[in-house]
Amino acid sequence: YCERDERTLFRGLSFTVEAGEWVQVTGGNGAGKTTLLRLLTGLARPDGGEVYWQGEPLRRVRDSFHRSLLWIGHQPGIKTRLTARENLHFFHPGDGARLPEALAQAGLAGFED
Numbered sequence: 066y067c068e069r070d071e072r073t074l075f076r077g078l079s080f081t082v083e084a085g086e087w088v089q090v091t092g093g094n095g096a097g098k099t100t101l102l103r104l105l106t107g108l109a110r111p112d113g114g115e116v117y118w119q120g121e122p123l124r125r126v127r128d129s130f131h132r133s134l135l136w137i138g139h140q141p142g143i144k145t146r147l148t149a150r151e152n153l154h155f156f157h158p159g160d161g162a163r164l165p166e167a168l169a170q171a172g173l174a175g176f177e178d
């Protein structure tokens, strides 16, 4: 179970996500979405029970789990006020020597600015 501010967010929660399945977590403000995601990623510990990944308690396999984790948040990573060049530099600062190659691989050659 999980509580916040003396309010139970969920109790007796149990579900399985098979390989290749996608999960979308939705709900109103304060429903426990972020708390659930923090529990599922090992960033928080459940008040009771255990989170498993591939049949193992998450607390035992946290590092391998984190290497396999894909997280798509609610805000896009692309900064619309920046050019393609500026976006790449923002996320991968450096001298920009590989920028043309990265843009070409993404089909964005010629759209640097």
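Counting from 1 along the sequence shown, just add 65 to a position and that's the residue number in the numbering used here. For each residue, glycine too, the CB sits at the ideal point set by N, CA and C. Keep in mind that this is a model prediction, so the values were computed, not measured.
Which two residues bound the contiguous alpha helix (DSSP H) that contains L74? As a first step, residue 74 is located in the sequence shown; it is residue number 9 there, counting from the start. Note, L74: premise wrong, no alpha helix (DSSP H); beta strand (DSSP E) at R72 to F75.
Relative to the C-alpha of W118, which candidate in G77, K144 and T81 has its C-alpha closest? As a first step, residue 118 must be located in the sequence shown, where it is residue number 53. Answer by Cα proximity: T81.
Does P165 come out as helix, strand or coil in the three-state DSSP assignment? Residue mapping note: residue 165 aligns to position 100 of the sequence shown, counting from 1. Helix, per DSSP.
Taking only runs of the alpha helix (DSSP H) that begin and end inside the segment 73-106, which ones reach a length of at least 4 residues, in chain order? 98-105
Euclidean distance between Cα positions of G175 and L153: Taking the sequence shown and counting its residues from 1, one reaches residue 175 at position 110. Taking the sequence shown and counting its residues from 1, one reaches residue 153 at position 88. Going from the Cα of G175 to the Cα of L153 covers about 14 Å.
Minimum C-alpha distance to F156 - residue among E177, P165, K144 and R72: Translated into the one-based positions of the sequence shown, residue 156 becomes position 91. When each option's Cα is compared against that of F156, the closest is K144.
Check whether the Cβ atoms of D128 and C67 lie closer than 7 Å to each other. Numbered from 1 along the sequence shown, position 63 holds the residue referred to as residue 128. Numbered from 1 along the sequence shown, position 2 holds the residue referred to as residue 67. Not a contact, by the Cβ cut-off of 7 Å.
R69, DSSP secondary structure in three states: The residue labelled residue 69 in the question sits at position 4 within the sequence shown. Here DSSP, grouped into helix, strand and coil, assigns R69 to strand.
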